[in-house]
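Structure record follows, encoded as structure tokens.
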Amino acid sequence: ELRQRLEAPGGWRLALTARERAAWYEMGIIRPLARVVEVEKQRQADKHLMMTTEVSPHTGMAWGSSVDYVQGILDALLWATGRAERSPLSDREIDGLPSTREMHNEAWLGTDIAYRRVESIRNDSYAVGVETALLWLIGKSDDAP
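Okay, structure coming up:
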């Protein structure tokens, strides 16, 4: 029931009891796997388009940092679903799937990199892509990346 409440639109605004918050921090991905797969396929298609065309067909502008942003999303999805050994920004290795707490911490690192509070070999766009994906996966944002 908690997962359903968190997954519902606006679920990230819920006031959780201490017990619910503790359970949420251990849940991992809140979003249904089918939706995660759908988002990943969409971003892979976006990346393919970016790699095969010089400019956006929608804006006529160069892709610029959009490629890095999409790569950050894809790398976050791979890590969150257990298909990457190391986290995309902190480069930490964990046993099994990352918990909500671990994904939340990685998303905050993305925020810190984007605001240049922390140095990173990754650029701002990549870090924001990671942050956006992870916050959505753990139910802290309604907007899919």
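The numbering of the sequence shown is this note's numbering, which starts it at 1 and goes up by one. For glycine and all other residues, C-beta sits at the position ideal for the given N, C-alpha and C.
query: Between A76, R19, E20 and A114, which has its C-alpha nearest A144's C-alpha?; result: A76
query: Can the beta-carbon of S125 be found closer than 8 angstroms to that of E106?; result: no
query: Could you compute how far the alpha carbon of M103 sits from the alpha carbon of D95?; result: 14 angstroms
query: For V128, which three-state DSSP category applies?; result: helix
query: Output needed for R31: all residues of its chain with C-beta closer than 6 angstroms, excluding positions within five of it in sequence on either side, in chain order.; result: L137
query: Tell me which same chain residues have a C-beta within less than 6 angstroms of the C-beta of V39, skipping the five on either side of it?; result: A144
query: Counting only runs of 4+ residues fully inside the region 12-40, write out the alpha helix (DSSP H) ranges in chain order.; result: 18-27
query: Report yes or no: do three or more beta-carbon pairs, one from the region 108-125 and one from the region 46-57, lie closer than 8 angstroms?; result: no
query: Can you check which of these residues, G129, V118 and P98, is closest to Y25 by C-alpha distance?; result: P98
query: Can you tell me whether E54 is helix, strand or coil according to DSSP?; result: coil
query: When you compare only the Cα positions, how much space is there between Y115 and G10?; result: 26 angstroms
query: Candidates G72, D112, R5 and R86: which alpha carbon is nearest A146's?; result: With the chain covering only 1 through 145, there is no way to say anything about residue 146.
query: Thinking C-beta only, is M27 closer than 8 angstroms to R3?; result: yes
query: Given that a residue counts as buried once 16 or more other Cβ atoms are within 10 Å of its Cβ, and exposed if not, what is P57?; result: exposed
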